[in-house]
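*Asks:*
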Amino acid sequence: MALNTCYKYFCYKYEKLEGKQFSISDADYIVFHSPYNKVSQQVSKSLYAAKVQPTTLIPKQVGNMYTASLYAAFASLIHNKNSELAGKRVILFSYGSGLTSTMFSLRLHEGQHPFSLLNIATVMNVAGKLKWRHEFPPEKFVQTMKLMEHRYGAKDFVTSKDCGLLSPGTYYLTEVDSMYRRFYSKKDGDYTVCENGSLANGH
Numbered sequence: 107m108a109l110n111t112c113y114k115y116f117c118y119k120y121e122k123l124e125g126k127q128f129s130i131s132d133a134d135y136i137v138f139h140s141p142y143n144k145v146s147q148q149v150s151k152s153l154y155a156a157k158v159q160p161t162t163l164i165p166k167q168v169g170n171m172y173t174a175s176l177y178a179a180f181a182s183l184i185h186n187k188n189s190e191l192a193g194k195r196v197i198l199f200s201y202g203s204g205l206t207s208t209m210f211s212l213r214l215h216e217g218q219h220p221f222s223l224l225n226i227a228t229v230m231n232v233a234g235k236l237k238w239r240h241e242f243p244p245e246k247f248v249q250t251m252k253l254m255e256h257r258y259g260a261k262d263f264v265t266s267k268d269c270g271l272l273s274p275g276t277y278y279l280t281e282v283d284s285m286y287r288r289f290y291s292k293k294d295g296d297y298t299v300c301e302n303g304s305l306a307n308g309h
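Note that the sequence shown covers residues 107 to 309 in the working numbering.
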């Protein structure tokens with residue numbers, strides 16, 4: 107229902123601005139916030155493969171990130187198509203709990219370096235970052251979740267100083283004082299990516 111209502115108003119605004127009815131063929135790509143988009147797959151496999159599939163890499167690899175899911179899907183599209191997106195129209199649909207949703211479109215341009223589509227894709231280094239993930243047993247996940255539950259709404263505590271798994275340049279929480287003020291540190295080193303996708307400082 108949220109998608110139908112959003113789409114209806116999107117078409118209304120499109121016709122008002124462009125002076126013609128919107129057709130799905132006017133969209134080169136469609137970005138959803140859901141990792142799997144099963145409903146849209148069932149409508150048309152060929153349309154899904156052409157317009158949606160290029161957006162699904164990060165959502166399928168990482169899962170539902172809630173607000174970030176839509177933009178992870180958009181990052182997947184830039185990763186997969188980069189320079190090919192110049193001049194293309196992308197429709198984005200974001201859905202939240204309580205039937206809060208929005209649909210909007212972007213017309214992408216190649217841009218100039220360092221803001222070219224190709225350079226943005228290179229700097230994002232999606233494939234490299236997915237490879238840098240760390241695998242942990244379920245027990246470690248449960249232990250971490252219990253710690254987060256214990257700290258939820260808490261104050262006057264210091265976090266672990268172990269930041270060995272963080273990339274250089276990452277900011278991390280070090281302390282929450284008695285007045286709920288949060289303190290952060292930055293891991294030493296510059297976040298510089300080499301051509302082979304590894305970090306330039308030797309990690």
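In this text, a Cβ means the ideal position worked out from N, Cα and C, and glycines have one as well.
Which one of 242, 179, 173 has the shortest CA to CA distance from residue 203?
*Replies:* Taking the Cα of residue 203 as reference, the smallest distance to any Cα among 242, 179, 173 is reached at 173.
*Asks:* Using the Cα positions of residue 151 and residue 158, report the straight-line distance between them to the nearest angstrom.
*Replies:* If you take the alpha carbons of residue 151 and residue 158, they lie about 10 Å apart.
*Asks:* Quick one: is residue 137 buried, meaning 16 or more other Cβ sit within 10 Å of its Cβ, or exposed?
*Replies:* By the neighbour-count definition (other C-beta atoms within 10 Å, threshold 16), residue 137 is a buried residue.
*Asks:* When we look at the beta-carbon of residue 135 and count the other beta-carbons within 10 Å, is it buried (16 or more) or exposed?
*Replies:* buried
*Asks:* Is there contact here, the region 248-267 with the region 215-229, by at least three beta-carbon pairs under 8 Å?
*Replies:* no
*Asks:* Between 167, 207, 208, 156, which lies nearest to residue 130 when the distance is taken from Cα to Cα?
*Replies:* 156
*Asks:* In whole angstroms, give me the CA-to-CA distance for residue 195 and residue 132.
*Replies:* 7 Å
*Asks:* Spatial neighbours of residue 271 within its chain, please: C-beta separation below 8 Å, excluding the five flanking residues on both sides.
*Replies:* 240
*Asks:* What residue from 283, 269, 284 has the CA that sits closest to residue 277's CA?
*Replies:* Sorting 283, 269, 284 by C-alpha distance to the C-alpha of residue 277 places 269 at the top.
*Asks:* What separation, rounded to the nearest whole angstrom, lies between the Cα atoms of residue 206 and residue 118?
*Replies:* 19 Å
*Asks:* For residue 288, which residues of its own chain have a beta-carbon under 7 Å away from its beta-carbon, when the five flanking residues on both sides are left out?
*Replies:* Taking residue 288 as the centre and dropping the five residues before and after it, the same chain places the C-beta of 279, 282 closer than 7 Å to its C-beta, in chain order.
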